[in-house]
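Encoded as structure tokens, the structure appears first; notes follow it.
Number of protein chains: 2
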Amino acid sequence: MEVYKNPNPEDWESLLKRPTASYEALEPVVSEVFGEVALKGDEALKRYTEKFDGISLSTIPVDESEIQAASKGVSEALKQAITQAKDQITAFHLAQKTPTITVENIPGVLCWQEKRPIEKVGIYIPGGSAPLFSTILMLAVPAQLAGCKEIILCTPPNKSGGVHPAILFTAALCGISMIFKVGGIQAIAAMTYGTPQIPKVYKIFGPGNQYVTVAKQWATKQGVAIDMPAGPSELLVMADQTANAAFIASDLLSQAEHGADSQVIFVTTYEPLLAQVAEELERQLKNLPRKEIAAQAIANSKSFFMPNKEAAVALVNSYAPEHYILCVSDEDYYLSNLTAAGSVFVGNYSPESAGDYASGTNHTLPTNGYARQYSGVNLDAFLKQMTFQKLTALGLEKLGETIELMAEAEGLEAHKNAVSIRLAAIKNNNKT
Amino acid sequence: MEVYKNPNPEDWESLLKRPTASYEALEPVVSEVFGEVALKGDEALKRYTEKFDGISLSTIPVDESEIQAASKGVSEALKQAITQAKDQITAFHLAQKTPTITVENIPGVLCWQEKRPIEKVGIYIPGGSAPLFSTILMLAVPAQLAGCKEIILCTPPNKSGGVHPAILFTAALCGISMIFKVGGIQAIAAMTYGTPQIPKVYKIFGPGNQYVTVAKQWATKQGVAIDMPAGPSELLVMADQTANAAFIASDLLSQAEHGADSQVIFVTTYEPLLAQVAEELERQLKNLPRKEIAAQAIANSKSFFMPNKEAAVALVNSYAPEHYILCVSDEDYYLSNLTAAGSVFVGNYSPESAGDYASGTNHTLPTNGYARQYSGVNLDAFLKQMTFQKLTALGLEKLGETIELMAEAEGLEAHKNAVSIRLAAIKNNNKT
């Protein structure tokens, strides 16, 4: 880790700068695949699956027998773990339900706000070495709680044309029956346009590699919404003299093992921790199966010593971390002065892993400083808010002149007239 | 209006298709302006203001004396109207505040969700013939209620280098003191990158022409969020035999006067209304100052007769209107079966104008079918949701094995280790 002691605030921005990946080079292939999927539907999906995943599929949907069989491929212990995690995620997201909001500030002018589900949503789960079944919980559970009518899942087939049993088990546990063996750009294109076999959706959720990232951006130009812009995962650990160097190192490594481009930042107000954590990192790193990846990420990571909590908080805020672990004695100060973070892990017994899997919070979070303006995935991500109003004749009489004056001042005479014509009718009715 | 009687559902999609504008032709100029503003800051802003707005400005910020003077340029009656509208909008958006959500499903595993303001937001208000001061209320009021620390407003100068007094008055009424005379692409670029005079923001709100629309899309590629994708404004009126043809025509015209590309749809289950509304349209159109614009929009608009309420609701849902006026006897049926609309106006005395100006609901709404997956601007648009968790040693003991099993099954050993190392320490502590 590079170490910086009390750096000048003017240098913070450049010190905390994330590597910016430019994906423009990928746009031609994304554009081509989208065009082909729009034109040729499932035939194009099969062709690209053969090309990119190296497997020739006879059918794209996962069938019932595969889901049945998958259950046998998952240990009872893992099933129980997934079920406990699902219960926790359900409890936390269910608590996010909001009631209808009703305001009648002027009698006869009733306004209300209701949330209704996004009817059709798509979940993308990447393939690769590890089956990311935990992400299914994070997306399917709130989608179900929101009441989304059609929830589909796309994931690339493995080399033998199947899907990892833990993915199928988790999807089935979450009540998802429409699972399609298609990955990468072609999966995002299929959910964007719809094909004979894969329904079009209104919003696409889920992680992916750089191709999927560009494909999701592309989808937004075709009228589909996405969960949030993506970037490499990040962790910032803030610690003082009450923290545990071994715990901190284990957390930094859990972030580092995601990929060589993972962002790992360590900040402390207690200078001796710098060396203690560095030592622990070295010690723990040796035993990790993904040590090459983790070592690269750690080499690119940064440690900061800050002279006081005011400076430490300011540094954290200027980074706006996706994951933020806080191991300090004065938790209240740090929490109340925090302006932006995706998810915060407070105290020595709250590793990031807890939120990644099972505490109940969502692990789909804003990276790349987007915590300044984006929320992580939550129940509302699967709902849209709609407003309603009902005015009575009396209500319109009380508000009508205000509307007329404003419409006239904006030069919108027909807007004014829609009120005037009603007020005249009310007056006429009152006379008779 | 083109009239369709009980069209085949297979044809709905094409009948209800919005004209899709492709803005790719505008990308080169947007890219150029962004590049110049990034490089040359305020000097570029002045240069483009001279080029596009035809005015050479000495200073970009509106100064205090201009704001003072503006107050005299607005009639007392209009001031009162704007103030009443502000009160209504404040009441409705204040009611949208949500409390911190706390869940402790397993003792010792405490998770909570809080909303915190987006610190820096930018509001764009177009220039042109009409001063859209009402949009300032719709954006600045919730921004203030959310607690955004820095709220800036950009609007193009008029030919004499000033800003319409109603805009300055409304901005001041909403507590906005940072107002900049800059419009179009260059304004969006300035808020995206920041210049010596104009601060960078994290999210940009507000309407605009096609250049502003493309510039806002461009801004999202530079890490800034925007309120929502834009398209021409739309209204769908649904009416049965209890509706008033003159009121309906006035509403359709209030939408039509926005521009020749405005989308106006009329749906009824009561066939005689088709002719009655057409007649009223013709009668009312004559007296409008913007009749040429409105006549063009009406000529492109469509009327539908649907044989029953089931078919009518299905047609409305397949359109997902931005504004939806509902004048029917069975309101409950229509409301409860509605799946997507930006804002709904219920009954004969709820013209769209009410929500455009003063009832309290927001008028920044999803167009182009985006009501299927986007919310209109609301209080939450100025907040981001953050999650927190604090586990005790006991809590981690109860959840730890689940996390370990899941992390291991996903092949993320360091994630598992962050738990194992803590569980081992807890065990050790318990022994001693």
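In order, the protein sequence lines correspond to chains A and B. Take the first sequence: its letters are residues 1 to 432, numbered as in our numbering. Take the second sequence: its letters are residues 1 to 432, numbered as in our numbering. Here a beta-carbon is modelled for each residue, glycine too, at the ideal position from N, C-alpha and C. Bear in mind that the values here come from a model prediction, so they are computed numbers and not experimental data.
Inset, instruction - Could you tell me whether the Cβ of Tyr124(B) comes closer than 8 Å to any Cβ of chain A? - result: no
Inset, instruction - Determine the direct distance from the alpha carbon of Glu257(A) to that of Thr364(A), and round the result to whole angstroms. - result: 17 Å
Inset, instruction - Ignore the nearest five residues each way along the sequence and tell me which others in Tyr202(A)'s own chain have a CB closer than 6 Å to its CB. - result: Ile118 and Lys120
Legend entry - Contacts of Tyr202(B) in chain A (Cβ-Cβ under 8 Å): Arg372 and Gln373
Legend entry - CB of Ala371(B) within 8 Å of CB of Glu322(B), strictly: yes
Inset, instruction - Could you name the residues of chain B that Asp356(A) contacts, counting a contact when the two beta carbons are closer than 7 Å? - result: His415
Inset, instruction - Have a look at Pro9(B) and Val316(B) and give me their C-alpha separation to the nearest angstrom. - result: 12 Å
Legend entry - heavy atom of the ligand GDP below 7 Å from Lys203(B) C-beta: Ligands are entirely absent from the displayed structure, and the ligand GDP is therefore not among its contents.
Inset, instruction - Compare the beta carbon distance of Pro107(A) and Gly376(A) with 8 Å and say whether it is the shorter of the two. - result: no
Inset, instruction - Determine, using beta carbons only, whether Phe205(B) comes closer than 8 Å to chain A. - result: no
Inset, instruction - Take Ala189(B) and list the residues in its own chain whose beta-carbon comes closer than 6 Å to its own, dropping the five residues that flank it on each side. - result: Val33, Phe34 and Val37
Legend entry - Contact set between Ala85(B) and chain A, taken where Cβ atoms lie within less than 7 Å: Thr402 and Met406
Inset, instruction - List the residues that DSSP assigns as beta-bridge partners of Trp112(A). - result: Thr102(A) and Phe388(A)
Inset, instruction - Locate the beta strand (DSSP E) running through His363(B), then write down its first and last residues. - result: Where His363(B) is concerned, there is no enclosing beta strand (DSSP E), given that its DSSP letter is neither H nor E.
Legend entry - chain A residues whose Cβ lies nearer than 7 Å to that of Cys111(B): Phe92, Ser359, Gly360 and Thr361
Legend entry - Ordered list of alpha helix (DSSP H) runs contained in the region 250-324 of chain A, each at least 4 residues: 272-285, 291-299 and 309-319
Legend entry - As assigned by DSSP and simplified to three states, the class of Thr213(B): helix
Inset, instruction - Specify the secondary structure class of Ser75(B) as computed by DSSP and reduced to three states. - result: coil
Legend entry - Whether Ser254(A) touches Ser233(A) by CB criterion (8 Å): no
Inset, instruction - Can you check the region 153-218 of chain B for any beta strand (DSSP E) of at least 3 residues that lies completely inside it and give the ranges in chain order? - result: 178-181 and 203-205
Legend entry - Beta-carbon proximity of Asn244(A) to Thr269(A), cut-off 8 Å: no
Legend entry - Selection from Val214(A), Ala294(A), Asn348(A) and Glu310(A) that minimises the alpha carbon distance to Leu26(A): Val214(A)
Inset, instruction - Could you spell out where the beta strand (DSSP E) holding Ser343(A) opens and where it closes? - result: Ser343 to Val346
Legend entry - Close beta carbons around Lys390(A), own chain, < 8 Å, minus the five adjacent residues each side: Leu110
Legend entry - Residues from the region 340-351 of chain A in contact with chain B, defined by Cβ distance under 9 Å: Ala340, Ala341, Gly342, Ser343, Val344, Phe345, Val346, Gly347, Asn348, Tyr349, Ser350 and Pro351
Inset, instruction - Show which residues of chain A have a CB atom less than 9 Å away from the CB atom of Ala81(B). - result: Glu401, Thr402, Ile403, Glu404, Leu405, Met406 and Ala409
Inset, instruction - Tell me whether Met238(B) sits in a helix, a strand or coil according to DSSP, three-state version. - result: strand
Inset, instruction - For Ile421(B), go through chain A and note every residue whose CB falls closer than 7 Å to its CB, in chain order. - result: Ala246, Phe247 and Ser250
Inset, instruction - Report yes or no: do the region 171-183 of chain A and the region 58-74 of chain A share at least 3 C-beta pairs separated by less than 8 Å? - result: yes
Inset, instruction - Within 10 angstroms of the Cβ of Gln222(A), are there 16 or more other Cβ atoms? Answer buried if so, exposed if not. - result: exposed
Inset, instruction - Excluding the 5 residues preceding and the 5 following Pro142(B) in the sequence, name in chain order all residues of the same chain whose CB lies nearer than 6 Å to its CB. - result: His93, Leu379 and Phe382
Inset, instruction - Give a yes or no on whether the C-beta atoms belonging to Ala249(B) and Glu280(B) are separated by under 8 Å. - result: yes
Inset, instruction - Say whether the region 191-199 of chain B touches the region 65-73 of chain B, bearing in mind that this needs 3 or more beta-carbon pairs closer than 8 Å, one atom from each stretch. - result: no
Inset, instruction - Take the Cβ of Thr242(B) as the centre, count every other Cβ of all protein chains shown within 10 Å, and call the residue buried at 16 or more, exposed below. - result: exposed
Inset, instruction - With a 10 Å radius around its C-beta and 16 neighbouring C-beta atoms as the bar for buried, classify Asp227(B) as buried or exposed. - result: buried
Inset, instruction - Tell me whether the beta-carbon of Met386(B) lies closer than 8 Å to the beta-carbon of Ala341(A). - result: yes
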